[in-house]
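See structure below.
Numbering (this note's numbering), first residue to last: 19 to 287.
The structure is reproduced here in structure tokens:
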């Protein structure tokens, strides 16, 4: 595979609910000698790893994939700076390469993605995006609803630790609705609706900012429910033979899911 001969990290990024984590794990499994490096720091909730303050990743990494996570069991740990995160990513990438594994960098906000490109020599960046706005909102709400009770539990842990002011200032759009729900001021459905609205606005803004990442090896890959395997196959093909305008046209023509929406790899414009 072209990616293995190159050895430089591959970046898979995108907004929430684009399937970045699952795509990275499936790609690593297909390659066989790759490691997934999660570019979003976690602290360890009592029941599973949560993003700092948002808590929308209720999935432990598979045991058959070498995965790097940055964890703390203390919610009082300060949110690390982008430079600190990039330093961790560089260390993990170097360790993976020393083990003979291709680093797959998964996740990242637009700011961290840009910092990665400025600081680390990567071979290709794949930006996953959802062509369908309505289905994307539905998936965001489904994910928020799935962790609703744990969000309330998370708020109670934060309050018990006396961190209300810090979390309200940093994560207010998620923390405040969850706090109100925990105190019976709003219903759980109202909490889910408010957090979904915030996450949707964030996703729209982040997708626009990710689209501003322009480079020879930066590509947007449509994704979504029903054709994840075709998304992975398109990425795998690009890594195997190198992405060219001719390949982009072939992918746009050939990789068509049953829903009728084309899967394409095109330079981010």
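Glycine included, C-beta positions come from ideal geometry on N, C-alpha and C. All values reported here derive from a predicted model rather than from experimental measurement.
| Query | Result |
| --- | --- |
| Counting C-beta neighbours from all protein chains within 10 Å, is the total for residue 201 16 or more, i.e. buried, or is it exposed? | exposed |
| Who are the Cβ neighbours of residue 162 in its own chain at under 6 angstroms, not counting the five residues just before and after it? | 210, 213 and 214 |
| So residue 254 and residue 45 are in contact, right, with Cβ under 8 angstroms, and what is the actual spacing, rounded? | 7 angstroms |
| Tell whether a beta-carbon distance below 7 angstroms holds between residue 192 and residue 29. | no |
| For residue 148, which residues of its own chain have a beta-carbon under 7 angstroms away from its beta-carbon, when the five flanking residues on both sides are left out? | 36, 154, 241 and 242 |
| Under a Cβ-count criterion, where at least 16 other Cβ atoms within 10 Å of its own Cβ denotes burial, should residue 183 be classed as buried or exposed? | exposed |
| With the cut-off set at 7 angstroms, would you say residue 196 and residue 173 are in Cβ contact? | yes |
| For the alpha helix (DSSP H) that residue 108 lies in, which residues bound it at each end? | 100-116 |
| Determine which residues share a DSSP beta bridge with residue 122 and list them. | 28 and 54 |
| What is the rounded straight-line gap between the Cα of residue 80 and the Cα of residue 126? | 20 angstroms |
| For residue 199, which of 160, 171 and 123 has the nearest alpha-carbon? | 171 |
| When you compare only the Cα positions, how much space is there between residue 150 and residue 156? | 10 angstroms |
| Measuring straight from C-alpha to C-alpha, what distance separates residue 27 and residue 179? | 38 angstroms |
| I'd like to know whether the C-beta atoms of residue 54 and residue 122 end up nearer to each other than 7 angstroms. | yes |
| Can you tell me the Cα-Cα spacing of residue 47 and residue 250, whole angstroms? | 11 angstroms |
| Could you tell me if residue 226 is buried or exposed, where buried requires 16 or more neighbouring beta carbons within 10 angstroms of its beta carbon? | exposed |
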